[in-house]
Every structure is written in structure tokens, then in C-alpha cells.
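Student: Have a look at the structure that comes next, please.
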Amino acid sequence: MLRALELRKDFGGLTVLHPTSVDFRPGEVHAIMGENGAGKSTLMKVLAGLYRPDGGQVEWRGARLDFGSPHDALVAGIAMIHQELMPIPDLTVAENITLGAEPCGRFGRVDRADQLRRAKELLQELESEIDPAKLMRTLTVAQTQVVEIAKALGRQADMILMDEPTAALSDHEVAALFRAIARLKARGVAIVYTTHKMDEVFRLADRISVLRDGRLVGTAPASDLSPAKLISLMVGREMADVFPTRSLPTEEVLLEVSGLTREPAYRDISFQVRRGEVVALAGLMGAGRTEVVSAIYGLQPAARGVITFKGRALVVRSPQDALAAGIGMVTEDRKGLGLIPALGVDQNITLTALRTLCRGQLIDHRAEAAIVGAKIEDFAVKTSRPSQPIALLSGGNQQKALLARCLLGDPDLIILDEPTRGIDIGAKAEIYALIQKLARAGKGVLLVSSELPEVLSLSHRIVVLRRGSVAATLEASETDQETLLRHAMPLSLHAQPRP
Amino acid sequence: MPNLDRNLLHRFGLLFVILLVGLGLTLTTDTFLSVANLTNVARQVSINGILAVGVTFVLLTAGVDLSLGSVVALSGVACATFAHPGDHSVIVPIAVGLLTGAACGLVNGVLVTRGGVAPFIVTLGMMTVARGLALIVSGGRPVANMSNELTALAGDFLGIPIPVLCFAGVALAAWFFLRNFRLGRHIYAVGGNEHAARAAGVPVERVKLFAYGLCGLLTGLAGVVLAARITTGQPNAGQAYELDAIAAVVIGGTSLAGGVGTITGTLLGVLLIGVINNGLDLLGVSSYYQAVIKGVIIVGAVWLDRRQARS
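Those protein sequences? They're chains A and B, same order as listed. The first sequence begins at 1 in our numbering and counts up by one. The second sequence begins at 1001 in our numbering and counts up by one.
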């Protein structure tokens, strides 16, 4: 149906996609696998008309295609679900879903009733109960993702490109998406799918193409591959156990939180983090995990409650207060709260700890360049030069740069909110090792993660949140996924999380 | 060289355009390429230049300042009021002018940061208020009878016009500041992504306040220089000055969305507008046509630049 012939893409003199040829067939789920920066998103974006290829061509039903814009691709019947969510926050859910394809009456007037009805149908296809009349900005990240998927489904496309559609979804929503994909397949729609979750690939894919360092390693039927084989193809080496061993925490309490409350997001949250300890905040989307860590970091202070840090009561009104006390954080919202897109990798890394690289108010450029060079190497950030705008890096490399930024100031407590979201297995392993290294060095780590294996293998203790309250505090070594989930689940399975 | 810095390319592109316009004017007029005329160009651009440097700071934070022209008038009137011969030392009217500008800028800054009102609205309000205050303070009449010490500010120092020296000094200091000061880096960070900057520990409010305050201070300086040049405090002076200043900054490659831009770019933008103004005068183009041509050139220059940036 669609054939890519020798497609190539360059960015700033760096070839990110070497000539690649793949074909996609109707009624087939074709997974594109690879580490961060392997060229998956680039390939998808070229196919969707977002990037112009620098070489090669795309054939669509036997005819050569030349997309000038994503609109051309949409008209041809190719839709894409983006990895970076792109909602328009002040429009309603229905307006977002039908954006660019509004049902119109006479004189181009938008037919509101029809718009709402269509949006509702599409959301029902995904078994979601989001109210299509709600404003987009009131939705959680997971709900936003569901809306983006509904938007792509609504294009009646013959081919749908899905770039990590499940990154922010709960298991329940993932299952609904998979059922929707099965229905699309039956209708003969071609699906191209990228993900970092191994189990998804083998549940969904008919064929798998593996990219590594911008080159196509090969394409094979999924039935010919095993997870271990796939990983070794992706990283070019066999992966040993990705989880390093845990060290023992000390007895010294580093952070104590008691009675932290900000209705309606969370209430009466209490827990401790000791030096050398990794504490995980687990729970479903919308359980209040991000809100709690945001309060500790001062992004959105709590209304009530006491934070005791290094034995002293700490009032955190802003991230500046937290940083001054020795608390650092890497956000889950890389694009919104992490990156300064136009600044170079170097200036992004040194932003928080810039004071330590200054003489008085003056930046010591030589010291800055030296420390940036060292950090880029330490964290294995792939960039063509230190001053390259960080927006041009792959998600995993951006994340590593942000970790470097956080750790440059040498905080005692490190808050990591979904540090491995949308990151390939190689980079994940690096981050896991880093977390253990920090713990061994006597730091406290507060980890928020939706991936249960990660929570169970990395942390010493797990604080499970459910709808803004602590449902349980568990020793990681004495619990399992099932117990965790039982504590995390609201009593009614289909209840929506609180807004 | 594929890795050639885009900023560099941009700068040279603009420099090339300026040289091209200059070459054209050298060939079509007898007077363009003369020390007297070029000195004149420099003198003419210096006020717009000082304003453009100031507003570069605000635009870099993703803000805007529409009150420049009115604040120029208010500062000029305030300066002239204290500049009557024999009243005060020359320092006093200069300080009054500068502080008036800085105060207006700080009010803008406080309303933007603490009040949470959009910069466009705040500075639009200041544009009207400052103009009104200038008329109130002066009683609607030009404030004349200024001391020779003050009007000497429009004269020469070692053969170079003092306004030009002011502009050069301001531009150099701003360039150094944005490059080497922590606060300079913070300005880019705030403009690039305000939320991320706050999360990274940047004191966003203080940074913005500084940008508006500095812009105001430099506007005050422009007001003093203008008053010295026209030897009066004119309550109606400076009409639409903000537009020329913002145009120069944008031509120089600063993004209205913030976070991207350089003082060198602003400098070239100021020069381009100055050379074009001068050229149109020398060619005897009527001022009606001048306005049309200038507008077309401003939009055209930015359009070319964005097209180049996309490719």
C-alpha cells in the first residue's frame, strides 16, 4: 500500500535517517522498533508529511507522493498520532477531535451538534467516557492522549501512524486502544506503530522493522522474533538484566512529609525518604502522584501539611526554595516544564546550577564549556555539538540532558517524575543504573513511575496513591505487581479519575 | 560548511543587504558616501538605536513595549523642566529623565509580573498614560529655555556626536551583558520557555521586571538625548517611535515569541532602517511614499529571513 524507497533525512548536517526502504500493507500492524534517536519518529514524520525527505521517495498505492504538508498526507489518507501531544487547550474536546475536518453546514458554519455527536462516537470507539463538551485544558495527560487517538481515528484514514500512543495511558485505556486497532485492521487500515513497551509489540504487531542509529537493521514477521532477539537487534548487543542491584538505605531520614493536602488533588499525604533510599510513588494516572511531588518541589505548593527536610521544617513556595534547600526534580512534562527549546544543549544543562559557574554575576565560559563537555560524555547525550538547540535532540537525549541539569547542582533529594517515559531500553538501563548510583552515594530518590516492574525493581519502599490519598506503603521486596495494583485501583473499575 | 551557525549566516545576510543598499545609494547619489552624510546617518539612528537595544531585552522575554514613544516624550519633558539655566547642576535633569523612564518601565514590569496583565495591554495603557502625563507636566506646551550644558549633549565629543557615543556604549554594554551575565542567560531562558525556566529555578518575575525596567531606563536616556537635540521638552515628541524600534529588532532576527535574538542583529536592523531613511531623503522621495516603502521593506526583510530560517 505504502512503500518508502531509500528515504533519507538530515538535520543540521547530521544524517538521522540513512536511506531506508520499507513497505506497509493494508490490514497489517507494522511496528517500528529502535532506541531513542534511532530514527523512528523521523521516519514516521517523513511518512506523515511533517518532514520533507532529503532523499528517496514515498510511493502510495503505486504512485509517487510528494507531501508539502501534513494536510496533503491527510487528504491522501494518512493520519498520525503524535508522540508529543499537541492539544489546543482552550478548545473543547469535540473541537479538538474534529479540528481541520469540522462538519460544516451552509456558509461554512460549524454544525455543533454534529460535531459533538461525532466526537462522542469516536470516544466510544475507544471506550472512553470523556465529555466531548469539556475544555481540553481540564483533561489529564492520559485523557489528552485518548483524545489525540480519537482525532486520528476520525480522519477515516487508510493508514494511521501511531508514535508511542500508549506512553501516558493506563492499562484499561491501552486495552481499549488495542480493541480499536483490531477493528481498524479488520477494515483493512494499515497501522504503523512505535512503542518502547515490549509486551505491546508482541501483542499487536504482524511485522516488525528495527532501526538502529538511523539505519534499518531489518524487517521480519513478529512470529519470527522473541523479545530477547528483538532487544539485541535494537541495541546491537545482548542485554543483561536491565535492573541493577539495590543497595541498603541508611537510617537517616532525609525528607519527611506529613499531612500534605491540596484539595481536590490530594489529601493527608505522609511518608519518609531516608538517605540512600529510593521511594516510589505508585498509582494510576490522576491519582495525584505528580501533584504531590510538584508540591515538594514548589511548582504548586500544598495548601496544608509539613515538609521536613534534613531535620528542619522547610517552606517551599517555588522551585527556587526547593533547589536552595537541596531538592532537585526532573519533570514528566519535558516539553512544558523541562526544555528551553531554542537554547543549546549546553545552556540547558547549566541553567539550574549556573550560579556555581559564575564569578560574581559573570558567567565563566571556560568553566561552563568544560563542565558541559564532561556531562555530555557522562550522560552519553548524543548531540552534534554542545550548542545545538536542544529541541533538535531525540526524546531520550533530551531527558538525559535534563537529568544532567538536575544533578549538576548536586541536590540531596532527587525527584524523578516518569524518568523513563518514551525512552528506549538502552537509555532506561542507563537511568536505572544512575538511580542506584545516586542511592549508593547517600542521596534520597523519590521516583514516580507508571511502569510497575520499574517501581518494584528500583525502589526500596512504595507509597501507593489512590485518588489523592495514600492507599498503602509497601516494602518493595515483600510485594508484587498484583498487590500493588489492588491498592492502586479505585473500587469501581470504570470510574474516571478526579480532574 | 553545513554546521555554520545560523545566527552568523543571518547576520551576514543582513550586513550584505545593508552594503547592497549602501552601494546602490553611492551609485545613484553624489552625497551618500561622504563623512558628513554618514555621520548624519549615525546621528539620526542613535535615538532609535538606544530604544531598539532596550526593547530587545523585553522582546527576548516574549514581552513587548508599546509605550516607548510616549515615555520618550515624558522623560524629555521631565528632563527639560529641570534643565533651565542656573537651576540645577546638569546631572539633575539627566537623572530626572533617566529615572522617569525607568519608573515607567518598572510600572510596566510590575503590572506584567505581579498583575498578570498581558504586556501588550499594559504597555498600551502606559503609552496613553505617559503621553497624558507629558502634556499635563508641560501644560501642553514645549518646555524651552534649556541650559547649554544639557543641549551640549547633542554636540560632538572628539568629533563624534555624543548621541552616537551613547548608542554605541549602550549597545556594547547590552551585548556584553546578554553574553556574559547570569541575568542575561536568564532572559533567554524566560523567553524560551517561561514555565521550564521557573521549574529550573530561574527567578522569572525578577528577570522580567529587570527587562522592563532596563528598557524604561534606556527609553529615558533616549528622551534626554532627544530633548538635548531639539533643545526643548516636546510633549508630542516620539510619536510611533516604538514601531521603528520594534521593527529594527525584528529585522535583526529577534523572535517576537521570545528567547531568540542578539544585540548585533538589533544593531544591523537599526542601521538598515537608518540607511533606508537616509537614502529615501537623498533621493528626494516624498515622505508619503517613504512611509509605504519603509513598511514594505520591513515586512519583506522579515519574510525573507523567516523563509531562509525554514529552509
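C-beta: ideal position from N, C-alpha, C; glycine also.
Let me know the beta strand (DSSP E) ranges lying completely inside the region 411-486 of chain A, each 3 residues or longer, listed in chain order.
Tutor: 413-417, 444-448, 461-466 and 469-475
Student: Taking 8 Å as the CB-CB cut-off, is B/ARG1307 touching chain A?
Tutor: no
Student: Express the C-alpha separation of A/HIS487 and A/THR503 in angstroms, rounding to a whole number.
Tutor: Residue 503 of chain A is absent from the model: chain A starts at 1 and stops at 499.
Student: Can you grab the Cα-Cα spacing for the pair B/ALA1042 / B/LEU1183, in whole Å?
Tutor: 30 Å
Student: Quick one: what's got a C-beta closer than 7 Å to A/ALA302's C-beta in the same chain, skipping five residues either side?
Tutor: LEU260, THR261, ARG262 and ALA295
Student: Is DSSP giving B/ASN1003 helix, strand or coil here?
Tutor: The pLDDT assigned to B/ASN1003 is 39, lower than 50, so where the model puts this residue is not dependable; a value taken from the coordinates is nonetheless given after this. If DSSP states are grouped into helix, strand and coil, B/ASN1003 belongs with coil.
Student: Got a sec: which bits of the region 319-339 of chain A sit with their beta carbon under 7 Å from any beta carbon on chain B, in order along the chain?
Tutor: PRO319, GLN320, LEU323, THR331, GLY336, LEU337, GLY338 and LEU339
Student: Residues in the same chain with beta-carbon distance under 7 Å from A/LEU225, minus the five sequence neighbours each way, listed in chain order, please.
Tutor: ILE208
Student: Reducing DSSP to helix, strand and coil, say where A/THR166 ends up.
Tutor: coil
Student: Considering Cα atoms alone, identify which of A/PHE11, A/GLU125, A/LEU161 and A/ASP410 is closest to A/ALA322.
Tutor: A/ASP410
Student: Between A/ARG25, A/VAL141 and A/ILE390, which lies nearest to A/ALA287 when the distance is taken from Cα to Cα?
Tutor: Answer by Cα proximity: A/VAL141.
Student: Specify the secondary structure class of A/LEU403 as computed by DSSP and reduced to three states.
Tutor: It is helical.
Student: Using CA coordinates, which residue listed in A/LEU343, A/LEU126 and A/VAL273 is at the minimum distance from A/THR473?
Tutor: A/VAL273
Student: Express the C-alpha separation of B/VAL1224 and B/PRO1085 in angstroms, rounding to a whole number.
Tutor: 16 Å
Student: Just to confirm, is the Cβ distance from A/ALA167 to A/ARG421 under 8 Å?
Tutor: yes
Student: Residues in the same chain with beta-carbon distance under 6 Å from B/LEU1066, minus the five sequence neighbours each way, listed in chain order, please.
Tutor: Closer than 6 Å at Cβ, skipping near neighbours: THR1123, LEU1124, MET1127 and GLU1242.
Student: Please name the residues in the region 1196-1212 of chain B whose beta-carbon is closer than 8 Å to at least one beta-carbon of chain A, in chain order.
Tutor: ALA1196, ALA1197, ARG1198, ALA1199, ALA1200, GLY1201, VAL1202 and PRO1203
Student: What separation, rounded to the nearest whole angstrom, lies between the Cα atoms of B/SER1138 and B/ARG1229?
Tutor: Distance between the alpha carbons of B/SER1138 and B/ARG1229 is about 18 Å.
Student: Would you identify the three-state DSSP class for B/GLY1169, choosing helix, strand or coil?
Tutor: helix
Student: Just checking: is the beta-carbon of A/GLN347 within a distance shorter than 8 Å of some beta-carbon in chain B?
Tutor: yes
Student: Does the beta carbon of A/GLN361 sit closer than 8 Å to a beta carbon anywhere in chain B?
Tutor: yes
Student: Check whether chain B comes within 8 Å of A/THR140, counting only Cβ atoms and requiring the distance to be less than that.
Tutor: no
Student: Against chain B, does A/THR352 count as a neighbour if the rule is that its beta carbon must be under 8 Å from one of theirs?
Tutor: So yes, A/THR352 belongs to the interface.
Student: Step through the CB atoms of chain B and report whether any lies within less than 8 Å of the CB of A/PRO301.
Tutor: no
Student: Report, in whole angstroms, the separation of the C-beta atoms of B/GLY1109 and B/LYS1208, which I expect to be a contact under 8 Å.
Tutor: In this structure B/GLY1109 touches B/LYS1208 by the C-beta definition: roughly 6 Å separates them, less than 8 Å.
Student: Looking at the C-beta of B/PHE1181, does it have a partner C-beta in chain A at a distance below 8 Å?
Tutor: yes
Student: Can you give me the C-alpha to C-alpha distance between A/MET239 and A/ILE425, rounded to a whole angstrom?
Tutor: Reliability of the predicted coordinates at A/MET239 is poor, the pLDDT of 47 falling under 50, and the value obtained from them is presented with this limitation in mind. Straight-line Cα distance between these residues: approximately 9 Å.
Student: Please confirm if B/ARG1185 has its CB atom under 8 Å from at least one CB of chain A.
Tutor: yes
Student: Specify the secondary structure class of A/VAL192 as computed by DSSP and reduced to three states.
Tutor: Of the three classes helix, strand and coil, the one that applies to A/VAL192 here is strand, per DSSP.
Student: Can you tell me whether DSSP reads A/HIS82 as helix, strand or coil?
Tutor: coil
Student: Around the Cβ of A/MET44, are there at least 16 other Cβ atoms within 10 angstroms (buried) or fewer (exposed)?
Tutor: buried
Student: With a threshold of 8 Å between beta carbons, is A/CYS104 in contact with chain B?
Tutor: At least 8 Å separates the CB of A/CYS104 from every CB of chain B.
Student: Is there a C-beta anywhere in chain D that falls below 8 Å from the one on B/VAL1249?
Tutor: Of the protein chains in the structure, A and B, none is chain D.
Student: Could you check if A/GLN398 is buried or exposed, using at least 16 other CB atoms within 10 Å of its CB as the buried criterion?
Tutor: buried
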